[in-house]
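All letters in the sequence shown, in the order written, are residues -4 to 242 by the working numbering.
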Amino acid sequence: MEAYSWTCPFCQQPTTVTDNDTSSTSSTLQIKNKHDFKLLYINWIVCPNVKCKEYSLNVSLFDYLYNPMRGWEVGKRIKSWNLVPASQSRVFPDYIPEAIRNDYLEACLIKDLSPKASATLSRRCLQGMIRDFWGVKQSNLRKAIDKIKNKVDPLTWKAIDAVRKMGNIGSHMEKDINLIIEVDPKEASLLINLIEKLIEEWYIHRHERQATMESIVEMSNEKDLKKKEEKLESGQKIEESSPSEGN
């Protein structure tokens, strides 16, 4: 196997995977049945990051065809399952509210099994984020989204409103019950991607900014303390600075 780029679903670190990090095997179904013969491909990957070293497990099902000229060949992939971790969800820090993280995780878990339910959970996750981050308390999500219209850029606001509309498809039946509007896994993935970007832009960037500012203040306080200690050691008089002084 050649080396290839891969991002660990646990530590989110982009890396290069080689033969030393992977282990693969396969199993074939060659018993006569009403379908074609099948091949099950099993792939293990251990994260090369020494601080992580988590393993991932993926299983894929393929058609397995016999060619009189070339023998047995692997056909098209029918389905793929992520077993460990159970989804491609990101691991977010604990300072993000647990309810938001849980809704996001569940939306990822059922994305392929029930895209409409996944879209509904993305909608619920979005509502929780607007209430928590922006302090908007309206129970009606449409009104809540209108409240932040002037607080986010226009394209982000349109995307947020799109999550609401797609989530409505999953949570509300049409007046005509014979009218079925589907949400496919790709569309559910797009909604999840937006939730991830909003978590990063709203929560993670705020946390990182706060941490940077606190580090600067702490550094300044340490410098002031060191300066005072040096003056005491040299016998100099320490003058208290007035808040109104401009230095």
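Using N, Cα and C, we set each Cβ at its ideal position, and we do this for glycine too.
Cutoff 6 Å; reference residue i; Cβ partners in own chain excluding five residues on either side
i: N15; result: none
i: L121; result: V158
i: D171; result: Low confidence applies to D171: its pLDDT is 47, below 50, so where it sits in the model is not reliable, and the reading given next is rough at best. Here the set comprises nothing.
i: W152; result: K144
Check whether residue i and residue j have beta carbons under 8 Å apart
i: C3; j: E68; result: no
i: L34; j: T17; result: no
i: S51; j: S75; result: no
i: F5; j: P63; result: no
i: I40; j: W1; result: yes
Close beta carbons around residue i, own chain, < 7 Å, minus the five adjacent residues each side
i: I164; result: K111, A114, I176, V178
i: P9; result: S0, T2
i: T13; result: A(-2)
Residue i, buried or exposed, once every other Cβ within 10 Å from all chains shown has been counted against 16
i: Y90; result: exposed
i: Y(-1); result: exposed
i: G162; result: buried
i: S215; result: exposed
i: E224; result: exposed
i: E(-3); result: exposed
i: I73; result: exposed
Heavy atom of the ligand PLP within 7 Å of residue i beta-carbon
i: S19; result: As far as ligands go, the structure on display features none, and thus does not contain the ligand PLP.
Spatial neighbours of residue i in its chain, beta-carbon cut-off 8 Å, leaving aside the 5 residues before and after
i: A206; result: none
i: S21; result: L34, L35, Y36, I37
i: Q7; result: R85, V86
Cβ distance (whole Å) where residue i is taken to contact residue j below 8 Å
i: W129; j: I140; result: About 10 Å separates the two Cβ atoms, so there is no contact after all.
i: A94; j: G123; result: 6 Å
i: S117; j: I187; result: 6 Å
i: Y59; j: G70; result: 7 Å
i: A183; j: K132; result: Not really, about 28 Å apart at Cβ, beyond 8 Å.
TODO: Could you say if the stretch 95 to 103 and the stretch 131 to 149 meet the contact criterion of at least three C-beta pairs nearer than 8 Å?
DONE: Segments in contact, no.
TODO: Could you tell me whether the stretch 80 to 94 touches the stretch 194 to 211, where touching means 3 or more Cβ pairs closer than 8 Å?
DONE: When C-beta atoms of the stretch 80 to 94 are compared with those of the stretch 194 to 211, three or more pairs fall below 8 Å, so the two segments count as touching.
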